[in-house]
Ligand code: ATP
Ligand code: MG
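Numbering (this note's numbering), first residue to last: 621 to 1201.
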């Protein structure tokens, strides 16, 4: 934690969508947020209608809705009117092939235009959309299709041959596989169907409580859970896009997440369109030069990314920016993992504004706690609850939940249920879902603290808390202290069993270019940590690693470091990405 505050008063306060957080928090209601949407007759609500049709009807059909950047660098623009027609065609294809309201349409595709068209066309048709990350292997794909009961799949011939053909026989509910690049044995060529389908379609009048999306969690703490979201969620997507990400109509907006993870759908498809921005979709993977090029050439106004990417940019240093400048960049935000204070300050030094950390989960469907454009930023803090969200720090003992109100008391981060994008269930896991709710709270499974000013501070996941010699130690605090050291690019901290102390703190460190592991460096790091944290909290041991194990959504898998260190089974590793250590 740091005492430095990045003040906003002089800069963005007056221009921000939410110039006065306290006033908005005090007067906000979800009903009013709902009323800002168009809606459909008789209280019906459909995400795709709010994302596209509303804007076309309002005369904004000619605005670019999506600018797609192919791996080759070629750009293709889709206006709101074009997106309307294309998604109508997809909805008509689904209807012609006998898919009906509530059927589950899965996608296993890279970030190509068809993925976005299918997502919105599926919702228009009243079907349920479930995006899968295209790098999954056959087993995770099979498990996710079985759990959700996939009826249709959209993929490419290559992905089908490699990953789906072999498991098809075990998916009796999968009636049809559409492929976007021709057909292969057992699949239907989507292109000719789309081309001959009518581009007129009347969006299905879904009720706000009709299921719209299935998303699987990142699998950081164990087997991924299938999370159910309804059309009503669009009220939160729209409001959080405006309030937490400061999106404005006409903005160029870039969310770097893949729709295979909830961020890439809530904030990579829905919120940017309901807020009528022009969204950038990049087909390629992370690349420092490419990213800086996109930010400057596309004149991005609002950029939503993640700590892992930010740390990689930091690792490359500000030199990597070269002669580029970003005069249009108005707001930068981060989600998915704790954002070290170092990274927030680096953002401020490098781009003239901090990264705004925000916190949420697949389960919450949208941003719940955030640093806002017009609010002072305390680097290392997740910010304050969104208007409409009541958050608390609680202690759970048996069935009793007590709110801890003392400043900086550590407990579980909990939310009062009732916001529009709250999950409506875990697929096939009713008991697990029920366990999330106790004493009138939704329990997040994360530990946090709230300071006297109402800012929330992430401590760690409940599973990752370290108990050492009578101290409770959150890995984030230790990791952030080590991140301050000039040699450190990334760090993960875990607790290992110890006879005397109960647990001892161990850190795994990946170094920046130009630094090599050595005993001297280890001692230097240990010394730095002791000075910053005191001997009780500082790590007792540091191991150097080339890479840290991460989920494909970029989250460090501390449980895997621990299992490996202790020789225990690795558990579900279906979402594991980089694994060379
Ligand atoms: P699983 O539930 O399968 O273990 P997961 O929790 O990583 O996976 P997600 O729903 O994608 O799956 O991630 C939500 C979690 O990510 C949060 O509960 C929290 O632990 C972490 N997280 C998200 N944003 C932040 C943030 N700004 N600061 C700290 N942690 C964050
Ligand atoms: Mg989780």
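Where a beta carbon is used, it is the ideal one built from N, C-alpha and C, also for glycine. All of these numbers come straight from a predicted model, not from anything done at the bench.
Asked, Found
"Under the three-state DSSP convention, the category residue 1132 falls into", "coil"
"Proximity test, Cβ basis, 8 Å: residue 891 and chain B", "Checking the listed chains, one finds no chain B in this structure; it contains a single protein chain."
"Residue nearest to residue 1190 in terms of C-alpha spacing, selected from 839, 785 and 810", "839"
"Simplified DSSP assignment, three categories, for residue 992", "coil"
"Distance CB(residue 1160)-CB(residue 1193) smaller than 8 Å", "no"
"Proximity below 8 Å, CB of residue 821 to CB of residue 744", "yes"
"At least 3 beta-carbon pairs within less than 8 Å: the stretch 648 to 664 vs the stretch 844 to 859", "yes"
"Three-way DSSP call (helix, strand, coil) for residue 723 in this model", "coil"
"Whole-Å CB distance - residue 846 paired with residue 833, under 8 Å assumed", "About 11 Å; that fails the 8 Å criterion."
"Three or more C-beta pairs below 8 Å linking the stretch 966 to 984 and the stretch 893 to 901", "no"
"Beta-carbon proximity of residue 800 to residue 808, cut-off 8 Å", "no"
"Residues of its chain near residue 1012, where Cβ-Cβ distance is below 6 Å and the 5 sequence neighbours each way are ignored", "1023 and 1034"
"Host beta strand (DSSP E) of residue 1068 (start-end)", "1061 to 1070"
"Presumed contact (8 Å Cβ cut-off) between residue 1153 and residue 1107, rounded CB distance", "Not really, about 17 Å apart at Cβ, beyond 8 Å."
"C-alpha gap between residue 768 and residue 727, whole angstroms", "12 Å"
"Residues near residue 691 by beta carbon distance below 6 Å, same chain, minus five either side", "903 and 904"
"Close Cβ partners of residue 770 (< 6 Å) along its chain, the five nearest in sequence each way excluded", "724, 726 and 794"
"Whole-angstrom distance between residue 875 and residue 709, CA atom to CA atom", "26 Å"
"Whole alpha helix (DSSP H) elements within the stretch 1099 to 1183, 4-residue minimum", "1139 to 1153"
"Spatial distance of residue 1119 from residue 842 (CA atoms)", "27 Å"
"C-alpha gap between residue 860 and residue 953, whole angstroms", "12 Å"
"Proximity winner among 1054, 1093 and 873, relative to residue 688 (alpha-carbon distances)", "873"
"Nonlocal neighbours in the same chain, by C-beta distance under 8 Å from residue 1185, ignoring five residues either side", "1114, 1116 and 1126"
"Contacting residues, own chain, Cβ-Cβ under 7 Å from residue 975 (five flanking each side not counted)", "930, 952, 953, 954, 959, 963, 964 and 967"
"Run of the alpha helix (DSSP H) containing residue 932, from where it starts to where it stops", "927 to 936"
"Residue 1040 beta carbon near ligand 3 (any heavy atom closer than 7 Å)", "With respect to ligand 3, the structure shown offers nothing to examine, as its ligands consist of ligand 1 and ligand 2."
"Any 3 or more C-beta pairs closer than 8 Å across the stretch 976 to 987 and the stretch 1038 to 1053", "yes"
"Secondary structure of residue 911, DSSP reduced to three states", "helix"
"Same chain, Cβ closer than 7 Å to residue 717, five either side skipped, listed in chain order", "796"
"Cβ-heavy atom distance, residue 978 to ligand 1, below 7 Å", "yes"
"Neighbour-count burial assignment, residue 1057, 16 or more Cβ in a 10 Å radius", "exposed"
"Near ligand 1: residue 724 beta-carbon under 7 Å from a heavy atom", "no"
"Inter-residue spacing [alpha-carbon to alpha-carbon] between residue 825 and residue 678", "19 Å"
"Residue 1177 beta carbon less than 8 Å from that of residue 1146", "no"
"N- and C-terminal bounds of the beta strand (DSSP E) containing residue 1077", "1076 to 1081"
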